[in-house]
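Read through the structure below, which is laid out as structure tokens, and then see the notes.
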């Protein structure tokens with residue numbers, strides 16, 4: 026089955042701890058993305074990567090970091106510098122046009 | 005700062021009725037307009053990607069139109085069915101399809 030997997034589905038962390046969200050795709054897509062969704066708002070782009078070993082900041086990159094060492098993988102680290110990390114996080118990938126999304130990770134910081 | 009607006013925020017429609025909703029965007033920067041459907045407990049799925057002014061796209065009972073000069077797109081659903089219940093998202097690609105600007109969505113609920 027081709028698709029995008031995100032793990033875990035739910036994640037709880039204590040304030041001040043870094044946490045890494047996993048995103049893997051087997052669609053052979055070059056581009057990958059991380060979005061954040063908050064209630065009542067549209068998806069907001071955190072980081073995106075057009076190709077392996079390269080990535081760009083989106084609109085809300087502060088407090089987040091990413092790596093793109095492999096085409097299939099684009100992990101997102103939510104650092105302690107992110108002031109309000111509790112949110113729903115979506116990963117996506119694309120070839121040229123439409124984006125394909127994973128099931129999301131809901132992060133709650135206690 | 006570019007902003008994409010969707011209206012209404014939510015919509016209740018009787019099964020069998022037709023409906024439509026709007027996505028508004030700044031007409032000054034335009035590369036592409038995307039529509040996605042997001043069903044509860046699932047991932048968003050692409051419906052349409054539109055690039056040309058006057059473009060019309062159709063998939064089954066769902067269709068969309070695009071006016072890039074005035075900055076809006078309409079999504080139409082004909083003969084609504086319960087499986088159409090979802091949040092419909094539009095997103096503007098201002099310079100490319102990489103950095104999309106997303107609207108907050110229209111939540112459609114079909115009443116049996």
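Chains as they are written, first to last, in this note's numbering: chain A, 26 to 135; chain B, 5 to 116. The beta carbon of each residue, even a glycine, is placed where N, CA and C say it ideally should be.
Those runs of the beta strand (DSSP E) which lie wholly inside the region 13-63 of chain B and span at least 3 residues: 14-18, 23-28, 36-42, 49-54 and 60-63
How far does the beta strand (DSSP E) with residue 85 (chain A) in it reach, from first residue to last? It is not in any beta strand (DSSP E) - residue 85 (chain A) carries neither H nor E in the DSSP assignment.
Is residue 63 (chain A) helix, strand or coil when you go by DSSP? coil
Within the 8 Å Cβ cut-off, does residue 68 (chain A) reach chain B? yes
Starting from the Cα of residue 112 (chain B), find the closest Cα among B:37, B:25 and B:73 and give me that residue. B:25
Give me, in chain order, the residues of the same chain whose beta-carbon lies closer than 8 Å to that of residue 107 (chain A); leave out the 5 immediate sequence neighbours on both sides. 87, 88 and 89
Report the residue from B:57, B:64 and B:65 whose alpha carbon sits nearest the alpha carbon of residue 73 (chain B). B:57
Beta-carbon proximity list for residue 113 (chain A), same chain, < 6 Å, skipping 5 on both sides: 62, 129 and 131
Output needed for residue 66 (chain B): all residues of its chain with C-beta closer than 6 Å, excluding positions within five of it in sequence on either side, in chain order. 81
Inter-residue Cα distance where the pair is residue 96 (chain B) and residue 30 (chain A): 25 Å
Do residue 121 (chain A) and residue 50 (chain A) have their beta-carbon atoms positioned less than 8 Å apart in this structure? no
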